Amino acid sequence: WAASCPGFQHGGPSGWQNLATNTPCGSGKKDCNSIVGAAWMWYDQEETKWNYDSNQCNGGWATCGHFSNMMSPSVTSIACGWSECANGNYVWCNYNTPTQTPKVPRISGMSKAELKTSLTAGY
Numbered sequence: 001w002a003a004s005c006p007g008f009q010h011g012g013p014s015g016w017q018n019l020a021t022n023t024p025c026g027s028g029k030k031d032c033n034s035i036v037g038a039a040w041m042w043y044d045q046e047e048t049k050w051n052y053d054s055n056q057c058n059g060g061w062a063t064c065g066h067f068s069n070m071m072s073p074s075v076t077s078i079a080c081g082w083s084e085c086a087n088g089n090y091v092w093c094n095y096n097t098p099t100q101t102p103k104v105p106r107i108s109g110m111s112k113a114e115l116k117t118s119l120t121a122g123y
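With UniProt numbering, the residue at position 108 of the sequence shown is 108, and numbering never jumps.
The structure is reproduced here in structure tokens:
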């Protein structure tokens, strides 16, 4: 589905989906293994709005939907893809069976900066 270059719109397989555009990976200018990309963008921008005590977003699902899709413990499978199209570069991640208000545990044992560094360690 992503290879059909549908533009910046949700669709494709069933389940919930995150979508990003203008990501730096895939243009041949950067090594895709050395950057954190769309998933970090979704996490970093929305994690700060997540209330871990109430397991809700400060701002509602529209503000933290990417984060709750990614972090939902009920997700049984994740599939991500990249398309380089004439109308832009896109990253899609599809999530099977997430819940809209997941119980997301806090990160423990490392800082957010250490987490980000660990995502590209060894590449």
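Even glycine gets a Cβ: it sits at the ideal position worked out from N, Cα and C. Remember, it's a predicted structure, so these values are computed and weren't measured experimentally.
Using a C-beta cut-off of 8 Å, the region 94-114 makes contact with the region 52-70, since at least three inter-stretch Cβ pairs fall below that distance. The alpha-carbon separation between Ser74 and Glu84 amounts to approximately 31 Å.
For Thr63, the uninterrupted alpha helix (DSSP H) run begins and ends at Trp61 to Met71, by DSSP.
Here Tyr90 carries a strand assignment [DSSP, helix/strand/coil]. Here Trp42 is not near Lys116, since their CB atoms are 9 Å or more apart.
The Cβ-Cβ distance between Cys64 and Trp82 does not fall below 9 Å. The beta carbon of Tyr90 sits closer than 6 Å to those of Thr21 and Ser83, all from its chain and outside the five residues before and after it, given in chain order.
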